[in-house]
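Count the sequence shown with our numbering and you get residues 5 to 280, in order.
Every residue, glycine too, gets a C-beta built ideally from N, C-alpha and C.
Remarks on the structure that follows.
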Amino acid sequence: MSTQYQQVKQAAAYIRERTSLVPKVVLVLGSGLGDYADRMQQAQVISYEQIPGFPISTVKEHKAKLILGTLFDVPVAIMQGRYHYYEGYTQQQITLPIRVLRALGAEILCLTNASGGINLSFEPGDLMMIDDHINFSGVSPLIGENVEEQGLRFPDMSMAYDKTLKQCLLRAAEKSGVDLKRGVYMMYTGPQFETPAEIRFGRAIGADAAGMSTVPEVIVGRHCGFRICGVSCITNMAAGILDQPLSHIEVTETALKVKDQFAALIDAFLREVKEA
Ligand code: HPA
């Protein structure tokens, strides 16, 4: 058995010993959006560092916790904080939790992140439904041996973001009064912010937002059979658009400012998903 497949099984067994909850939805909370996890009461909280095989999280404000509980009668697993490729792990390593949660029985993966707006009609503080993505990270998390039990060698990515879940998000936006933008998310590796030329390139090839995460999780999520959707918080305009430097502080500050809108959207989404 491949080591990675073994790790998935071990980690899933560890979590199963601690909770009988079978999550339906996995919610991955991105930079500055981690507070949403406070909504889950009477939940089982497991630090990533406790789970066998999970890498050590190195991004300071990411809390690195898996929280299992129920929201609006939907069994949910929240990943409060995620792993990034720029932390130095392989894309296979950073996506291990996705495979583990799928092994636990989860079906729907809702990924959130912070990003820089490439689309000139966006403004910092906008929320964007991810319609599609561009993998500009230079690699794929599926490179290497393929474990047939986990998924196909050549998974289809033509409908990576699920049509029905997009409709749930759009309805949720309407019900929660959120002006939800839509667009293509492009993954740059980071951790440095992009150059203005790299952002112009992104715009020229059809990107609307620039970020440093999510894409490996979507690829692995599709590989192992998740239905996927994504929401990006445009925390800043991408490099070169405004005459000012970019900073990580701006990213977390803007994400915090929209946390109520974000929470309203996700609440409404979970209510919609109950029927999906
Ligand atoms: N670029 C890449 N990732 C980001 C940005 C950005 O401008 N803002 C938040 N995450």
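Kindly confirm or deny that the region 133 to 142 and the region 242 to 253 touch, where touching means at least three C-beta pairs closer than 8 angstroms.
no
Name the DSSP beta bridge partners of K69, please?
S51, Q84
My understanding is that M190 touches T218, with C-beta atoms under 8 angstroms, so please give their C-beta distance in whole angstroms.
Not a contact, Cβ separation roughly 10 angstroms.
Can you tell which of S61, A208, G234 has the C-alpha that lies nearest to the C-alpha of M163?
G234
Would P220 be called buried (16 or more neighbouring beta carbons within 10 Å of its own) or exposed?
buried
If you draw a straight line from the alpha carbon of L31 to that of L274, how long is it in whole angstroms?
10 angstroms
Residue closest to R22, alpha-carbon to alpha-carbon, out of E149, G225, G34, A47:
A47
Span of the alpha helix (DSSP H) holding D271?
263 to 277
Among H252, K167, G155, which residue has its Cα nearest to the Cα of V63?
H252
For F126, is the classification buried or exposed, using 16 other Cβ atoms within 10 angstroms of its Cβ as the cut-off for buried?
buried
Just checking my contact of V80 with L131 at CB under 8 angstroms: how many whole Å lie between their CB atoms?
19 angstroms between Cβ atoms; not a contact.
Taking 6 angstroms as the limit between beta carbons, can you name the residues of its chain near R207, skipping five residues before and five after?
I122
Under DSSP, the alpha helix (DSSP H) around Y9 begins and ends at which residues?
7 to 22
Same chain, Cβ closer than 8 angstroms to D77, five either side skipped, listed in chain order:
K278
Integer-rounded CB distance, given that G225 should sit under 8 angstroms from L113:
5 angstroms
Below 6 angstroms CB to CB, which residues in the same chain sit around G34 once its five sequence neighbours on both sides are set aside?
T116, N117, A118
Any idea what DSSP makes of I147, helix, strand or coil?
coil
So, using beta-carbon positions, are T199 and G36 closer together than 8 angstroms?
no
Rounded straight-line distance, which links the Cα of L269 to that of K185
12 angstroms
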